[in-house]
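Encoded as structure tokens, the structure appears first; notes follow it.
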Amino acid sequence: MPDEQELSVDEVYERLRAAVDRGSRDLASTRGLAERFWPVSADKPLERRPGAKGWSAFQAKRVLRKLMRWYVEPALAEQRIVNDALLRLVDDLARRVEELERRAGGER
């Protein structure tokens with residue numbers, strides 16, 4: 005199984021979707037997964053392959069990353085804001101559901 009930090013966005017989405025689909029009450033692990041990946045960023049570590057071709061590709065990627073950062077980072081900053089708001093909303097909804105379940109259990 006790959007390291008949790010190396011999962012792609014699609015893999016994270018599929019894990020979250022699967023957890024929701026199966027109606028899992030294990031919200032702590034799902035919340036933990038969402039918590040680890042909400043701060044999206046353009047700063048993924050570059051890996052240098054061996055040889056001259058690897059060195060030149062590494063240098064080109066470094067330059068391109070710096071040139072594209074001005075374009076990509078504002079969108080990612082907005083995505084972090086949305087992710088944070090959604091996590092807060094889910095926490096609030098979970099708290100409300102627990103409160104309603106507690107009230108319903110006391111009325112029986």
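Quick note: to get our numbering, add 4 to the position in the sequence shown (first position is 1).
Glycine included, C-beta positions come from ideal geometry on N, C-alpha and C.
A quick note: this is a predicted structure, and the numbers were derived from the prediction, not measured.
- Taking C-beta atoms as the reference points, F41 and L90 fail to come closer than 9 Å.
- Here DSSP, grouped into helix, strand and coil, assigns L93 to helix.
- Of the residues A79, L20, L104, the one whose Cα lies closest to the Cα of E39 is L20.
- G36 has its alpha-carbon roughly 35 Å from the corresponding atom of A61.
- Distance from the Cα of T34 is smallest, within the candidate group P43, L71, V94, R100, for V94.
- Inter-residue distance for G109 and Y17 is about 34 Å (C-alpha atoms, whole angstroms).
- Between the alpha carbons of E77 and R100 lies a distance of about 35 Å.
- A straight-line Cα-Cα distance of about 22 Å links G58 and R73.
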